[in-house]
Amino acid sequence: MMFWHITYLFFCLLTFTSVFCADTSCTKLNCQLPSCQCPTSNSNPTSLNVTDIPQLVLFTFVGNLNQYTFDSVRSILNPAHRNPNKCPISSTFFVNDNFTDYCLVQRLFNNHNEIAMTTSSNR
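According to mature numbering (1 follows the signal peptide of the UniProt record, and there is no 0), the sequence shown holds residues -21 to -1, 1 to 102 in order.
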């Protein structure tokens, strides 16, 4: 009996959601600069030149950090590589405890990288 009550409530919720949550497609009528820009727009909303617009590349690492993995990471985070503003390239490392060399983790942290812990199962 409880199953049918839960099922009924679920379908009621779906019905109300479909009634009250109308499709809000992004159009020029409901989305205008400067407070809104549709994600499919290719226009430049700023006064910056296209070559001056910041580009972001996210580099993350998940797993244990030891000498074997550190050599690969070190080649990417080479101090000779710099961002256009002359700052060093940094990353976020999600390390787990298994086989991690914490001296290497400290070295990465000292070089302005973010360090976060994760479980060995990544859950």
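The C-beta atom is built at its ideal place from N, Cα and C for all residues, glycine as well.
- Within the same chain, and ignoring the five residues on either side of Arg61 in sequence, the residues whose Cβ sits closer than 8 Å to its Cβ are Pro67 and Ile68.
- Note on geometry: alpha-carbon atoms of Ser70 and Phe38 lie some 5 Å from one another.
- Collapsing the DSSP output to three states places Ile32 in coil.
- No Cβ-Cβ contact shorter than 7 Å links Asn45 with Phe73.
- Per the coordinates, the alpha-carbon of Ile55 lies some 42 Å from the alpha-carbon of Lys7.
- DSSP, read as helix, strand or coil, puts Phe38 in coil.
- Per DSSP, the continuous alpha helix (DSSP H) segment holding Phe49 begins and ends at Gln46 to Ile55.
- Taken in chain order, the whole alpha helix (DSSP H) runs of length 4 or more contained in the region 62 to 95 are 81 to 89.
- The Cβ-Cβ distance between Phe49 and Leu27 does not fall below 7 Å.
- Relative to Asn64, the option among Leu12, Leu35, Ala95 and Asn23 whose CA is nearest is Leu35.
- Asn43 sits close to Asn75, with the two beta carbons spaced by under 7 Å.
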